[in-house]
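Chemist: Going by mature numbering (1 follows the signal peptide of the UniProt record, and there is no 0), the letters in the sequence shown line up with residues -18 to -1, 1 to 284, in that order.
We treat Cβ as the ideally placed atom computed from N, Cα and C, and that holds for glycine.
Please read all numbers here as calculations on a predicted model, not as lab measurements.
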Amino acid sequence: MIPQFLFALFLFGVSVQAQPPQDDSTVYGTFVGCATTSFAPSDAVFTEDTFTQAEDCALNCYYNPSGQYIWAYFLYGSGQCMCSNTYCTSNHLAVMPEEYVNTLRCADDDYTVWVSASTWSTNRCYSRQEDPEKESIYLNYNYASTQLQGDADGATMNCWCGSQTTYLGANGYEVPCDYNTYAIFQHPVGTIVNSVYAKRQLKERLIRIKNRKRALCPGKMTACVVQGVSDSFECIDTTQELESCGGCSVGEFNVHNTTLGIDCTALPGVPRGAITCSNSKCTAYACKKGWILASDGTCVRF
């Protein structure tokens, strides 16, 4: 599955034990999906040891000497274990082989992906689910399901909450985890995970949310802050936008220390409608009385 779910996992973590420990003496992770080996995050580190189980890879990523890593990528074919704080994008999703539907592992030459520590546990992937209860947005349920809707060219993540009864209808519809299937997770009451680790998960989740918002603008358009409206942006082509020429006039959304654009209409000596923005530069073609047009396309007094 893709980074996008994992909202619940980011906040709370996951366990493959029926009764996970209540302290940090032992940590458990859980399966979240399959990924191709073409995924190579820049922050990846490989453990010195090889392993036979994904659980051991996840544990070593959590206790890695370089620091706690959120994601564990394990190859059953070689025993190789890769740790990272970056979750694979949807175009790197790999389909789980049919024979591993009930064992929650991936093909030998694909990564079996785990979150290294959490208080959730993965049930399985299903081809259907019951309609979630409409009150679920108001209550603390101990079951959640996600669906990566789309394909390798683009996908969005849906997420539902519910009680155990809500998900009983999925039994008998187990399928390999893939696009458009439902992954169901369970959260035992009272489980906890290291608070520092949970904060790091939350930080990563917030970064992903911001990045997704930035990515909403098509092509070469830029997400620019809407002045006076919190957490809002508009998509602007700053190479030719008259009032945000060369950059956003009040800042780029979720980006600090950006170069501010120029409001071409506010430049001195230029009559209304006598200036354009082209290739991120204001260029006037006429000037007010008492001003002359300079070679750089600006108006200067004479």
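1. Once you ignore the five residues that flank valine 27 on each side, which residues in its own chain have a CB closer than 8 Å to its CB?
2. For my contact list, cysteine 259 and cysteine 230 are in at a C-beta cut-off of 8 Å; report their separation, rounded to the angstrom.
3. Please report the Cβ distance between phenylalanine 21 and cysteine 88, rounded to the nearest whole angstrom; I am assuming they are in contact, meaning their Cβ atoms lie under 8 Å.
4. Identify whether serine 20 lies in helix, strand or coil by the three-state DSSP scheme.
5. Using the C-alpha atoms, what's the distance from aspartate 245 back to proline 253?
6. Give me the DSSP bridge partner(s) of alanine 126.
7. Mind checking whether glycine 279 and alanine 266 have CB atoms under 8 Å apart?
8. Whole angstroms is fine: what's the gap from serine 118's alpha carbon to aspartate 38's?
9. Excluding the 5 residues preceding and the 5 following cysteine 281 in the sequence, name in chain order all residues of the same chain whose CB lies nearer than 8 Å to its CB.
10. Among the residues of its own chain, which have a CB less than 7 Å from the CB of proline 79, if the five just before and after it don't count?
11. How would you write the range of the alpha helix (DSSP H) that asparagine 42 sits in, first residue to last?
12. Taking the beta strand (DSSP E) that lysine 263 falls in, what are its first and last residues?
13. Residues in its own chain within less than 6 Å of proline 3 by CB, not counting five upstream and five downstream?
14. Can you name, in chain order, every residue of its own chain whose Cβ lies under 8 Å from the Cβ of valine 77, other than the five neighbours on each side?
15. In terms of residues, what are the limits of the beta strand (DSSP E) holding threonine 94?
16. Just confirm the distance between the C-beta atoms of tyrosine 44 and serine 98, as a whole number of angstroms; I'd bet it's less than 8 Å.
17. Cβ of tyrosine 164 within 8 Å of Cβ of tyrosine 93?
18. Would you mind sorting phenylalanine 284 into buried or exposed? The rule is 16 or more other CB atoms within 10 Å of its CB.
19. For the beta strand (DSSP E) that contains serine 214, what are its first and last residues?
20. If we ignore side chains and look at the alpha-carbon of each, how far apart do isoleucine 166 and methionine 139 end up?
21. Go ahead and label serine 72 buried or exposed: buried means 16 or more other beta carbons lie within 10 angstroms of its beta carbon, across all protein chains shown.
22. Where does threonine 12 sit, in a helix, a strand or coil, going by DSSP?
Modeler: So, to answer that:
1. Asn46, Ser48, Tyr51, Met64, Cys65 and Ser66
2. Incorrect: roughly 13 Å between the Cβ atoms, too far for contact.
3. Contact doesn't hold; Cβ gap of about 12 Å is too wide.
4. The three-state reading of DSSP puts serine 20 in coil, since its state is none of H, G, I, E or B.
5. 14 Å
6. Cys143 and Phe167
7. yes
8. In this prediction, serine 118 scores a pLDDT of 47, lower than 50, which makes its location untrustworthy; the coordinate-derived value is nonetheless stated afterwards. Their Cα atoms are separated by approximately 35 Å.
9. Leu249, Pro250, Gly251, Val252, Ala266, Cys269, Lys270, Trp273, Ile274 and Leu275
10. Listed in chain order, the non-local C-beta contacts of proline 79 below 7 Å within the same chain comprise Ala89 and Pro158, local neighbours out to five positions each way being set aside.
11. 36 to 44
12. 263 to 266
13. For proline 3, the pLDDT reaches just 36, beneath the cut-off of 50, and the residue's location in the model is therefore unreliable, leaving the point undetermined.
14. Cys16, Pro158, Cys159 and Asp160
15. 93 to 97
16. The pair is a contact, with the Cβ atoms about 4 Å apart (cut-off 8 Å).
17. no
18. exposed
19. First-last for serine 214: undefined, no H or E at that position.
20. 13 Å
21. buried
22. strand
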